[in-house]
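Sequence order for the protein chains is A and B. Numbering-wise, the first sequence is residues 225 to 344 according to the working numbering. Numbering-wise, the second sequence is residues 225 to 344 according to the working numbering. Glycine included, C-beta positions come from ideal geometry on N, C-alpha and C. The next block holds one structure in the form of structure tokens; read it before the comments.
Number of protein chains: 2
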Amino acid sequence: MPSRLIVSRELADLFRLLAHADRLRLIEDLRGGEKDVTGIAQSLDLPATRVSQHLALLRAQRLVEERRDGRNHFYRLSHPHLAEWVLDALPFIDIRQRLEDADHIDTARALWGVPDRNPH
Amino acid sequence: MPSRLIVSRELADLFRLLAHADRLRLIEDLRGGEKDVTGIAQSLDLPATRVSQHLALLRAQRLVEERRDGRNHFYRLSHPHLAEWVLDALPFIDIRQRLEDADHIDTARALWGVPDRNPH
DNA sequence: CCTATACCTGCAAAAGTTCGCAGGCTTGCA
DNA sequence: TGCAAGCCTGCGAACTTTTGCAGGTATAGG
């Protein structure tokens with residue numbers, strides 16, 4: 225059954241695309257809606273060239289969509305749900321080093337500005 | 225606020241770990257419960273050495289746990305929910321090439337042997 | 001038409017990942 | 001004690017990714 229292999233390769237490509245801290249921050253940055261390259265570069269404190277390079281990769285796999293207005297290129301997430309799904313990975317990260325307390329996940333979510341999913 | 229940067233690096237490490245087709249298949253293979261290295265190697269049709277190398281990476285980030293019984297090393301997912309979350313990525317993969325039909329996600333889920341989440 | 005802004009691409013060095021292979025350790029069994 | 005099964009690690013060659021930089025295109029405005 226080779227389709228299983230194909231699907232796992234497609235998924236691996238997606239994970240490879242997300243396996244970069246700056247691209248993850250970029251995706252979280254687009255959670256609020258579309259933004260132009262300079263705007264992203266400023267809020268992530270990265271050179272605009274690098275942001276552009278990251279966007280080219282995300283674009284190639286259709287994770288973002290582009291809209292041009294004059295000299296500005298505005299980008300948005302193709303799947304707004306993506307950013308949320310990324311944060312659902314927080315329970316799986318190894319938290320030995322830095323976030324030792326029990327509610328590290330809510331702490332991290334708060335850092336991203338995401339509302340707590342299970343407010344008690 | 226440097227913690228945001230830290231979290232994005234931790235997440236990127238996780239995504240990098242998942243950015244390999246064989247490791248994804250391995251994780252899906254462990255969905256059914258614990259399994260020894262030779263068993264995994266056989267069901268994925270990979271040399272046992274390579275499986276061992278992948279497991280070492282997954283172990284280093286605590287994605288799998290080991291239990292030894294005699295000469296055999298049994299591995300299981302530290303977070304059984306991980307395999308399910310991985311499959312939740314299917315809506316985000318670019319399906320231009322191979323799976324053109326509307327219900328490609330259910331098709332792919334079926335290929336992994338996962339029950340449809342929204343049976344109608 | 002000239003210049004500046006905003007962005008993109010190509011390139012090459014540096015850094016990181018994968019994979020086979022050789023060799024090692026431990027357990028089970030005769 | 002000796003041998004085989006099962007697994008692990010170290011190493012180096014091949015490959016991929018990241019990054020800065022140089023140079024390109026397109027649009028807006030004077």
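Give me the chain A residues within the contact set of residue i, using Cβ-Cβ distance strictly less than 9 Å, ordered along the chain.
i	result
aspartate 253 of chain B	Those do not exist, as aspartate 253 of chain B stays about 10 Å from chain A at its closest Cβ, beyond 9 Å.
arginine 274 of chain B	The premise fails here: arginine 274 of chain B is roughly 15 Å from chain A at the closest Cβ pair, so nothing lies under 9 Å.
By the three-class DSSP mapping on this structure, what secondary structure does residue i have?
i	result
arginine 240 of chain B	helix
arginine 286 of chain B	coil
leucine 311 of chain A	helix
aspartate 318 of chain A	coil
arginine 341 of chain B	With a pLDDT of only 49 at arginine 341 of chain B, under 50, the local geometry of the prediction cannot be trusted, and the value read off the model is given with reservation. Coil, per DSSP.
arginine 247 of chain B	helix
histidine 297 of chain B	strand
aspartate 253 of chain B	helix
What in chain A is Cβ-close to residue i, meaning under 8 Å?
i	result
alanine 313 of chain B	Leu235, Leu238, Phe239, Trp309
histidine 303 of chain B	Pro315, Phe316
Rounded to the nearest angstrom, what separates residue i and residue j at their Cα positions?
i	j	result
aspartate 269 of chain A	glutamine 285 of chain B	29 Å
leucine 314 of chain B	phenylalanine 298 of chain A	26 Å
leucine 281 of chain B	leucine 287 of chain A	27 Å
valine 275 of chain A	aspartate 318 of chain B	21 Å
aspartate 246 of chain A	glycine 294 of chain B	45 Å
leucine 301 of chain A	valine 261 of chain B	40 Å
arginine 341 of chain A	glutamine 277 of chain A	Below a pLDDT of 50, predicted positions are generally treated as unreliable, and arginine 341 of chain A, at 49, falls in that range; the measurement from the model is reported next regardless. Cα-Cα distance, rounded: 33 Å.
arginine 240 of chain A	histidine 244 of chain B	8 Å
valine 231 of chain B	glycine 256 of chain A	19 Å
serine 267 of chain A	tryptophan 336 of chain A	13 Å
lysine 259 of chain B	alanine 265 of chain B	10 Å
proline 271 of chain B	glutamate 290 of chain B	19 Å
leucine 242 of chain A	alanine 334 of chain B	25 Å
histidine 303 of chain B	leucine 238 of chain B	13 Å
leucine 311 of chain A	arginine 292 of chain B	33 Å
leucine 248 of chain A	arginine 283 of chain B	23 Å
alanine 236 of chain B	phenylalanine 316 of chain A	12 Å
asparagine 296 of chain A	threonine 273 of chain B	51 Å
arginine 228 of chain A	leucine 229 of chain B	35 Å
alanine 326 of chain B	leucine 279 of chain A	Residue placement at alanine 326 of chain B is flagged as unreliable, the pLDDT there being 46, under the threshold of 50; a coordinate-derived value is accordingly withheld.
Against residue i, what residues of chain A qualify as contacts under a CB-to-CB distance less than 7 Å, listed in chain order?
i	result
leucine 282 of chain B	Correct list: empty, because the minimum Cβ distance to chain A is about 11 Å.
serine 232 of chain B	Ala245, Leu248, Arg249
histidine 278 of chain B	The contacting residues do not exist; histidine 278 of chain B stays about 12 Å from chain A at best.
Along chain B, in chain order, which residues have C-beta atoms closer than 7 Å to that of residue i?
i	result
arginine 286 of chain A	Asp318
leucine 306 of chain A	Phe316
leucine 270 of chain A	Residues of chain B passing the Cβ test: none, with the nearest at roughly 11 Å.
arginine 291 of chain A	The contacting residues do not exist; arginine 291 of chain A stays about 19 Å from chain B at best.
Just the chain B side, please: which residues come within less than 9 Å of residue i by C-beta, in chain order?
i	result
arginine 300 of chain A	Neighbours of arginine 300 of chain A on chain B: none; closest Cβ ~14 Å, over 9 Å.
Along chain B, which residues have their Cβ under 8 Å away from the Cβ of residue i?
i	result
arginine 295 of chain A	The contacting residues do not exist; arginine 295 of chain A stays about 28 Å from chain B at best.
Within the present structure, is the beta-carbon of residue i separated from the nearest heavy atom of the ligand PLP by less than 6 Å?
i	result
isoleucine 230 of chain A	Although the ligand PLP was asked about, the structure shown includes no ligands whatsoever.
* Contact between the segment 301–315 of chain A and the segment 246–256 of chain A: three or more CB pairs below 8 Å? -> Taking a contact to require three or more Cβ pairs closer than 8 Å, the segment 301–315 of chain A and the segment 246–256 of chain A qualify as touching.
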